[in-house]
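**Q** Residue 848 is where the sequence shown starts when you use the numbering used here, and the numbers rise one by one after that. Please see the structure below; I have some questions.
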Amino acid sequence: MDEEIKKRLHTTLERFIHDYPYSDERCKIKGKILGDLLEEYKENIVIAVSPIYYARNFNFLLDLEQVIAIELQDTEEHIFQRLVFTDDEDNICKDDIYKSLHKDYYIKEIHEDIVYARKTFKKIENKYFINNQSVDQVVDDLIVMIKNISMK
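Given below as structure tokens:
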């Protein structure tokens, strides 16, 4: 989804957040882009969506026949380990000292996001717990999960 935001709005993620400082505005845009993607690619598309915290911006998409929504879950610690920081131009910045110094802050923020997301994503029936597995393992598991859901 982040790449689609950058491509469709001709911007960086940093600029997107700056131009739309309220999360509700960003969520509306993400919901619109998500709907557009589903319209453009009628089938066989997997979209990784960063959290859209306002269900009204995506719940209508969950009812579409071709949509299999899966909420990816993990622990605060595992999510923190995967955090990536970028500069204003979306270039990755590796700063383990900064990350370590601010760990408590980020763990707290991640926890709050998880608690909020539980309520927001309650309509999503399919859940997958990542448990800090490799990307390849998660992809393999999700393929099996999607096939099993499709066969129902």
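For each residue, glycine too, the CB sits at the ideal point set by N, CA and C. Given the structure is predicted, the values throughout are model-derived calculations rather than measurements.
Are the Cβ atoms of Ile917 and Tyr975 separated by less than 9 Å?
**A** Taking 9 Å as the Cβ cut-off, Ile917 and Tyr975 qualify as a contacting pair.
**Q** I need the straight-line Cα distance from Glu972 to Asn904, nearest angstrom please.
**A** About 17 Å.
**Q** From Asn906 to Lys970, what distance separates their C-alpha atoms?
**A** Whole-angstrom Cα-Cα distance: 8 Å.
**Q** Kindly confirm or deny that the stretch 855-864 and the stretch 931-938 touch, where touching means at least three C-beta pairs closer than 8 Å.
**A** Counting Cβ pairs under 8 Å, three or more are found: they touch.
**Q** Output the distance between the C-alpha atoms of Asp866 and Lys994, rounded to the nearest integer angstrom.
**A** If you take the alpha carbons of Asp866 and Lys994, they lie about 40 Å apart.
**Q** With three or more C-beta pairs closer than 8 Å as the rule, is the stretch 848-855 touching the stretch 877-889?
**A** Contact between the stretch 877-889 and the stretch 848-855 is present, because at least three Cβ pairs lie under 8 Å.
**Q** If you drop the 5 nearest sequence neighbours on each side, which residues of the same chain put their C-beta closer than 8 Å to that of Leu843?
**A** In this structure the chain extends from 848 to 999, so residue 843 is not present and cannot be described.
**Q** Rounded to the nearest angstrom, what separates Val982 and Glu872 at their Cα positions?
**A** So the two alpha carbons sit approximately 30 Å from each other.
**Q** How about His949 and Glu923: do their beta carbons lie closer than 9 Å?
**A** No, they are not a contact pair.
**Q** Using only alpha-carbon positions, find the residue among Asp943, Gln920 and Asp921 that is nearest to Val931.
**A** Residue Asp943 is the option with its Cα nearest to Val931.
**Q** Which runs of the alpha helix (DSSP H), 4 residues or longer, sit entirely within the stretch 883-926?
**A** Correct list: 906-909.
**Q** With DSSP run on the structure shown, which of helix, strand or coil describes Ile939?
**A** Strand, per DSSP.
**Q** How many whole angstroms separate the CB atoms of Glu855 and Ile880, which I take to be in contact at a CB cut-off of 8 Å?
**A** Going by the sequence as given, residue 855 is Arg instead of Glu. Right, the Cβ-Cβ distance comes to about 6 Å (below 8 Å), so this counts as a contact.
**Q** Tell me the DSSP bridge mates of Lys974?
**A** Answer by DSSP bridge pairing, in chain order: Glu918.
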